[in-house]
Each structure stands twice: as structure tokens, then as C-alpha cells.
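**Q** If you scroll down you'll find the structure; I have some questions about it.
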Amino acid sequence: MGRVNVLSGDEVVAVLDRQTAVMEEIAAGTRLSPVLDSVVRSLEDLMPDTRCSILLLDDAGTLRHGAAPNLPAEYSAAIDGLVPGPLAGSCGTAVHLGEPVIAADVTTDPRWEQFRDLASPHQLRACWSSPIRSGEQVVGTFAVYHREPYEPDLRDTELVRRFAHLASLAVEHEHALAEREARLNADLARQSAERANHAKSQFVTALSHELRTPLQAITGFTENLQTLDLSPEQRLDALDRIRLASSHILSIVDDVLDLARVEAGSMPIDLAVVDAQVVLEESLRLIQPLADRRHVTVVSESATAPVHGDRRRLQQVILNLLANAVRFSPVASTVRVRIEVGRSSATIHVIDEGPGIPAELLARLFVPFDQLGAEAGREGGAGLGLVLARRLAEAMGGTLELTSVVGTGTHVKVTLENANG
Ligand SMILES: Nc1ncnc2c1ncn2[C@@H]1O[C@H](COP(=O)(O)OP(=O)(O)OP(=O)(O)O)[C@@H](O)[C@H]1O
Ligand SMILES: [Mg+2]
Numbered sequence: 016m017g018r019v020n021v022l023s024g025d026e027v028v029a030v031l032d033r034q035t036a037v038m039e040e041i042a043a044g045t046r047l048s049p050v051l052d053s054v055v056r057s058l059e060d061l062m063p064d065t066r067c068s069i070l071l072l073d074d075a076g077t078l079r080h081g082a083a084p085n086l087p088a089e090y091s092a093a094i095d096g097l098v099p100g101p102l103a104g105s106c107g108t109a110v111h112l113g114e115p116v117i118a119a120d121v122t123t124d125p126r127w128e129q130f131r132d133l134a135s136p137h138q139l140r141a142c143w144s145s146p147i148r149s150g151e152q153v154v155g156t157f158a159v160y161h162r163e164p165y166e167p168d169l170r171d172t173e174l175v176r177r178f179a180h181l182a183s184l185a186v187e188h189e190h191a192l193a194e195r196e197a198r199l200n201a202d203l204a205r206q207s208a209e210r211a212n213h214a215k216s217q218f219v220t221a222l223s224h225e226l227r228t229p230l231q232a233i234t235g236f237t238e239n240l241q242t243l244d245l246s247p248e249q250r251l252d253a254l255d256r257i258r259l260a261s262s263h264i265l266s267i268v269d270d271v272l273d274l275a276r277v278e279a280g281s282m283p284i285d286l287a288v289v290d291a292q293v294v295l296e297e298s299l300r301l302i303q304p305l306a307d308r309r310h311v312t313v314v315s316e317s318a319t320a321p322v323h324g325d326r327r328r329l330q331q332v333i334l335n336l337l338a339n340a341v342r343f344s345p346v347a348s349t350v351r352v353r354i355e356v357g358r359s360s361a362t363i364h365v366i367d368e369g370p371g372i373p374a375e376l377l378a379r380l381f382v383p384f385d386q387l388g389a390e391a392g393r394e395g396g397a398g399l400g401l402v403l404a405r406r407l408a409e410a411m412g413g414t415l416e417l418t419s420v421v422g423t424g425t426h427v428k429v430t431l432e433n434a435n436g
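Residue numbers (my numbering): 16 to 436.
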């Protein structure tokens, strides 16, 4: 007998209406669970006195709750996690065999032996389960329960066939979406890995370049010492240059290691109450010889400022900023330093009258080794100072902000939490 004749004309229209409604839900991007609920409800409408459920196979091959809007929640919860097998009720057995299983009376059906006690309190007497397939693969089951012993007729079979197919479309659609999302995520991960890789090779290139200059100095002067007949002054000068170049390399390596540690979140930061004024005064003493050499006047105005910080790291930050201000400032200019204590935070200001930093270069300032002034004959410096200073300030729970106006000067603010706030 042809399938078409099994349903009356009116029934075919009713089925089509419901199929269309569900397809529209799928197309509108409704999530799988409410779509499966609609499939179940549609079939229950067309087959009065039934309660239906959809179970879905998970990756481990276990049947999981999919939709059962009218089955008792307690029963649904009890069969969630059903493992397919030859005697696993109607659904578990249907998956195991790959074909429909009709238990016309669960109280006598041997495949229901272990599940009878679950079903009887809820008046679930007959259960007929059909596999839902995606392609060749079984992806779940569609079960129809009756209160009384029951055998499906041809009409029932045809209705279940149609709605099981609809459920499989919904599941396939969900799988396709999940696959697309996984592909997109993989693409994003690949792109970000490529970017990181690119940044890393740029960093390595810049680092090698930065180390080459002092290494060349060391090699050159060592060779001179070995091969040339140098005067005592020339020898001292050569040794001095070797010492300078070595300490430059050492400071670059220290900065690179520090930066790598803060970036990895493994920089040991001992947060304690630290007086920023004390740290500032000490840093000023250390920077004074450089300021004297450059004839730069450093004016400071500070008050006691207990903050949450790491004394050593705070000094590293302040020294970086003072060294920049003094090194990049013109001879005979003034660098102003000030601590401003607010209610919840304290801010250290370092303000210079230097050349300022052009706006288009400001954004690159916090990129390691992006040396803005490399050709302008700057003194030493690997271009790591500001990046490191900002990361350290952040690691202490603070911030570092820099504003700069070409021709006027640069203003850096380090803000830390006020320990008395
Ligand atoms: N106060 C400033 N005035 C003018 N330019 C500045 C100032 N501070 C930083 N710059 C510019 O920004 C660049 C980056 O500064 P940063 O402190 O990060 O590195 P550096 O001083 O070159 O080297 P390092 O601090 O690692 O020894 C400097 O090379 C300089 O061109
Ligand atoms: Mg610097």
C-alpha cells in the first residue's frame, strides 16, 4: 500500500502545516530543544492520548533527554543517561538494533524488565520507539507512549515516520551549525596564533638587532686589545667601552626577562604598603648624576604617599620614567616630578620639556622594541622601558598613562591604590 493513502486528505494538510511550522522555527535559528518540543507536541496533537519523547545520543553513545514536554519530569530524569543494549526498554533497544521496537505492553515485554518500575507509577503502559537517523547514523529515538496496551496501526507508523524525519532534520541542522561554529573558532584561533607568531618573530629580529651593536663593540675592542699596540689610555678606553657594552646587554636581557615574566603573569610582586615619596626621593638621587651630565634640572614636589605596591618594582617604574625624561630632554631644561594624593589613589607625575612624541608614534610606544628614536642618536635603551613600566604598574594594581605634545613635552602619570584610602 502506498504511504499517501494511509492518511486522509485533511490529515495530510494538518501534517504539512505542522511540518512547515517546525521548518520555519529551524530556519529562524530557534535552538534545538524548543524545536524538538514543537515536533513532539505536533505529533501528540495528531495522535490523541499519547505522550511522546525524543532522546538524543551523546558522543559517548548514551541516550540523553531531548524533548518530552508532557512526560512526567521524574520519569524523563530517570531514563536520561540510558545506555543502549538488547534489553534496554524500547528506546535503548531500538538504538541497539537500529530499528523500531514496539512494546505493546511494558508490563510483560522482556525488554522492559529493568524499567517497569519506572514506568508503572506514571501510567506508561505501551511504548513504541523508532530510531531517528542522520544519514545512515542513528542519532536518537522518537518514542510514543500509551496509557493502555497498544499496537500502532499504519496511520500511526506513517505519522511517526514523518515526525522522526522532521526531528532528524532539526538535529542535522544543529550539527551543521555546531560544525560551522567549530570551523569559525578554529579559524580565529589560527589567525590569532599567526599574529602572535608574527609579533614574536618581529620581536626576535629586533632583539637580535639591539644586541648586535653592543656585541660588535665588544668584539671590535677585544680584537683591538689583542692585535694593536695601544697606549695605556687607549687600553683603558677600550676596556671601558667593553664594560659599557656588556652592561647594556645585561640590562636588555634583564628587561626582556622581566617583560616575559610580567606578560606570563609570573613576575613575583610583593604587594605591601610603600611610601611612594620615599621611593621617589631615592630614585631622584640615583638619576641625579645623569641629570647633572645633561644639565637638566629636576624639580620635585612630593608629600608622603602610602600606596599598595612593590617597593623594588615601583622604583624600576619611576627610574624608567625619570631616565626617559632626563635623556630625551634638551640641555638646560627642567623635569618636574610631583606626587598627588587622592582619596583612593596616589599619582606620581613626571613632566618634561622635551621634544614630545608625535601622535602617530604614541600608539607604538607600548610595543616592545618599537624604537621611536633609534635613528635620532638616543642614548642606550632597548625601547622596553615604557612597556615594562606599564606592565609593572598594572601588576601592582595600578595604571600608567602617557600624554605628549610635540614641542612642549611629555607627561607620564603612574597611579597606584592609596593604602590609606
Ligand atoms: N619623555 C620622553 N620624551 C620624548 N620621547 C620619549 C620620552 N619617553 C620615551 N620617549 C620615546 O619613546 C621611546 C620608547 O621609550 P622606552 O622608555 O620604552 O624605551 P627607551 O627609553 O628607548 O629604552 P629603555 O627604556 O628600554 O632603556 C624612546 O626611545 C623615545 O623615543
Ligand atoms: Mg626608557
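Note that the Cβ used here is the ideal one computed from N, Cα and C, for glycine as well. Please read these numbers as outputs of a predicted model, since none were measured by experiment.
Starting from the C-beta of Arg18, find all residues in its chain whose C-beta is less than 7 Å away, skip the five residues before and the five after it, and write them out in chain order.
**A** The residue you call residue 18 lines up with position 3 of the sequence shown. At Arg18 the pLDDT is 47, less than 50, meaning the model places this residue with poor confidence; the figure from the coordinates comes in the next sentence. Glu173.
**Q** Is the beta carbon of Leu274 sitting closer than 8 Å to the one on Leu72?
**A** Here residue 274 corresponds to residue number 259 of the sequence shown, with the count starting at 1. Here residue 72 corresponds to residue number 57 of the sequence shown, with the count starting at 1. Not a contact, by the Cβ cut-off of 8 Å.
**Q** Is DSSP giving Val427 helix, strand or coil here?
**A** As a working mapping, residue 427 is identified with position 412 in the sequence shown. It is a strand residue.
**Q** Tell me whether Leu401, by its Cβ, gets closer than 7 Å to a heavy atom of ligand 1.
**A** Position 386 of the sequence shown, counted from the start, is the residue given in the question as residue 401. Answer for Leu401: yes, Cβ within range of ligand 1.
**Q** Nearest to Pro167 by alpha carbon, out of Ala211, Ala119, Ala201 and Leu184?
**A** Within the sequence shown, the letter at position 152 stands for residue 167. Checking every option, the nearest Cα to that of Pro167 belongs to Ala119.
**Q** To the nearest angstrom, report how far apart Asn4 and Asn339 are at their CA atoms.
**A** The shown model of the chain, from 16 to 436, leaves out residue 4, and the question about it has no answer.
**Q** Taking only three categories from DSSP, how would you classify Glu26?
**A** Sequence index remark: in the sequence shown, residue 26 carries index 11 (1-based). Helix at Glu26.
**Q** Under the rule that 16 or more other beta-carbon atoms within 10 Å means buried, what is His190, buried or exposed?
**A** Numbered from 1 along the sequence shown, position 175 holds the residue referred to as residue 190. When all chains shown are included, His190 counts as exposed.
**Q** Are the beta-carbon atoms belonging to Glu40 and Val28 less than 8 Å from one another?
**A** To locate residue 40, count along the sequence shown from 1; it is residue 25. To locate residue 28, count along the sequence shown from 1; it is residue 13. Contact: no.
**Q** Specify the secondary structure class of His80 as computed by DSSP and reduced to three states.
**A** Within the sequence shown, the letter at position 65 stands for residue 80. His80 falls in the strand class under three-state DSSP.
**Q** For a cutoff of 8 Å on Cβ pairs, would you count Glu225 as touching chain C?
**A** Protein chain content of the structure displayed is limited to a single chain, and chain C is not contained in it.
**Q** For Ser53, count neighbouring Cβ atoms within 10 angstroms of its own Cβ and tell me buried if that reaches 16, exposed if not.
**A** Counting from 1 along the sequence shown, the entry for residue 53 is found at position 38. Buried is the call here.
**Q** Nearer than 7 Å: is that true of the beta carbon of Asn339 relative to any heavy atom of ligand 2?
**A** Translated into positions along the sequence shown, residue 339 becomes position 324. Yes, ligand 2 has a heavy atom inside 7 Å of this Cβ.
**Q** Do Val175 and Val159 count as a contact pair if the criterion is CB distance below 8 Å?
**A** Residue 159 sits at position 144 when you count from the first residue of the sequence shown. Residue 175 sits at position 160 when you count from the first residue of the sequence shown. Yes, the pair counts as a contact, with Cβ atoms nearer than the cut-off.
**Q** For Ser68, does the count of other Cβ atoms within 10 angstroms reach 16, so buried, or fall short, so exposed?
**A** As a first step, residue 68 must be located in the sequence shown, where it is residue number 53. Counting Cβ neighbours within 10 Å, Ser68 comes out buried, since at least 16 surround it.
**Q** When we look at the beta-carbon of Arg66 and count the other beta-carbons within 10 Å, is it buried (16 or more) or exposed?
**A** The residue given as residue 66 occupies position 51 in the sequence shown. Burial call: buried.
**Q** In angstroms with no decimal places, state the Cα-to-Cα distance between Gly324 and Gln303.
**A** As a first step, residue 324 must be located in the sequence shown, where it is residue number 309. As a first step, residue 303 must be located in the sequence shown, where it is residue number 288. Using only the alpha carbons, I get a separation of about 24 Å.
**Q** Report the three-state DSSP secondary structure of Asp92 (helix, strand or coil).
**A** Your numbering for residue 92 matches position 77 in the sequence shown. Note on residue identity: the sequence assigns Ala, not Asp, to residue 92. Ala92 falls in the helix class under three-state DSSP.
**Q** Tell me whether Asp171 is buried or exposed, calling it buried when 16 or more other Cβ atoms sit within 10 Å of its Cβ.
**A** What you label residue 171 is simply residue 156 of the sequence shown in a count that begins at 1. Looking at its Cβ environment, which holds 16 or more other Cβ atoms inside 10 Å, Asp171 is buried.
**Q** List the endpoints of the continuous beta strand (DSSP E) containing Ala141.
**A** By 1-based counting over the sequence shown, the position of residue 141 is 126. First-last of the beta strand (DSSP E) with Ala141: Ala141 to Ser149.
**Q** Hey, would you say the C-beta of Ile372 is under 7 Å away from at least one heavy atom of ligand 1?
**A** Counting from 1 along the sequence shown, the entry for residue 372 is found at position 357. Answer for Ile372: yes, Cβ within range of ligand 1.
**Q** Sorted by chain position, which residues of the same chain lie with C-beta nearer than 8 Å to Arg353's C-beta, five sequence neighbours on each side aside?
**A** Taking the first residue of the sequence shown as 1, we reach residue 353 at position 338. Ser315, Glu316, Ser317, Ile363, His364 and Ile366, listed in sequence order.
**Q** Measure the C-alpha to C-alpha separation of Val382 and Gly357 and round it to an integer number of angstroms.
**A** Working through the sequence shown from its first residue, we reach residue 382 at position 367. Working through the sequence shown from its first residue, we reach residue 357 at position 342. Spanning the two alpha carbons is a distance of roughly 30 Å.
**Q** When you compare only the Cα positions, how much space is there between Asn200 and Leu47?
**A** In the sequence shown, counting from the first residue as 1, residue 200 sits at position 185. In the sequence shown, counting from the first residue as 1, residue 47 sits at position 32. So the two alpha carbons sit approximately 21 Å from each other.
**Q** Among Glu89, Phe130, Thr45 and Leu22, whose alpha-carbon lies nearest the alpha-carbon of Leu61?
**A** Start at 1 with the first residue of the sequence shown, and residue 61 comes out as number 46. The candidate whose alpha carbon is nearest that of Leu61 is Leu22.
**Q** For Arg141 versus Val116, is the C-beta spacing smaller than 8 Å?
**A** The residue you call residue 141 lines up with position 126 of the sequence shown. The residue you call residue 116 lines up with position 101 of the sequence shown. It should be pointed out that residue 141 corresponds to Ala in this sequence rather than to Arg. No.
**Q** Helix, strand or coil for Thr414? Go by DSSP, reduced to three states.
**A** Stepping through the sequence shown from its first residue, residue 414 is reached at position 399. Strand.
**Q** Thinking Ala260 and Ala232 are a contact (beta carbons under 8 Å), I'd like their distance in whole angstroms, please.
**A** Walking along the sequence shown from the start, residue 260 turns up at place 245. Walking along the sequence shown from the start, residue 232 turns up at place 217. Confirmed, about 4 Å.
**Q** Can you grab the Cα-Cα spacing for the pair Gln292 / Met411, in whole Å?
**A** Here residue 292 refers to the residue found at position 277 when the sequence shown is read from its first residue. Here residue 411 refers to the residue found at position 396 when the sequence shown is read from its first residue. Cα to Cα, the separation comes out at about 17 Å.
**Q** Which of the three DSSP states is assigned to Pro321 in this structure?
**A** The residue given as residue 321 occupies position 306 in the sequence shown. The answer is strand: DSSP assigns Pro321 an E or B state.
**Q** Below 7 Å CB to CB, which residues in the same chain sit around Asn85 once its five sequence neighbours on both sides are set aside?
**A** As a position in the sequence shown, residue 85 is number 70, starting the count at 1. Same-chain partners within the cutoff: Glu59 and Arg66.
**Q** Touch check for the segment 330–347 and the segment 294–301: three-plus C-beta pairs under 8 Å?
**A** Short answer: they touch.
**Q** Return yes when the Cβ of Ala287 is within less than 8 Å of the Cβ of Val341, no when it is not.
**A** As a first step, residue 341 is located in the sequence shown; it is residue number 326 there, counting from the start. As a first step, residue 287 is located in the sequence shown; it is residue number 272 there, counting from the start. It is not a contact, given that the beta carbons lie outside the stated cut-off.
**Q** What separation, rounded to the nearest whole angstrom, lies between the Cα atoms of Leu133 and Phe157?
**A** The residue you call residue 133 lines up with position 118 of the sequence shown. The residue you call residue 157 lines up with position 142 of the sequence shown. Roughly 18 Å separates the two Cα atoms.
**Q** Please report how far the alpha carbon of Ala208 lies from the alpha carbon of Leu329, in whole angstroms.
**A** In the sequence shown, residue 208 corresponds to position 193, counting from 1. In the sequence shown, residue 329 corresponds to position 314, counting from 1. Cα to Cα, the separation comes out at about 33 Å.
**Q** Answer with buried or exposed for Gly8, where buried requires no fewer than 16 other C-beta atoms within 10 angstroms of its C-beta.
**A** Outside the shown range of the chain (16 to 436) lies residue 8, about which nothing can therefore be said.
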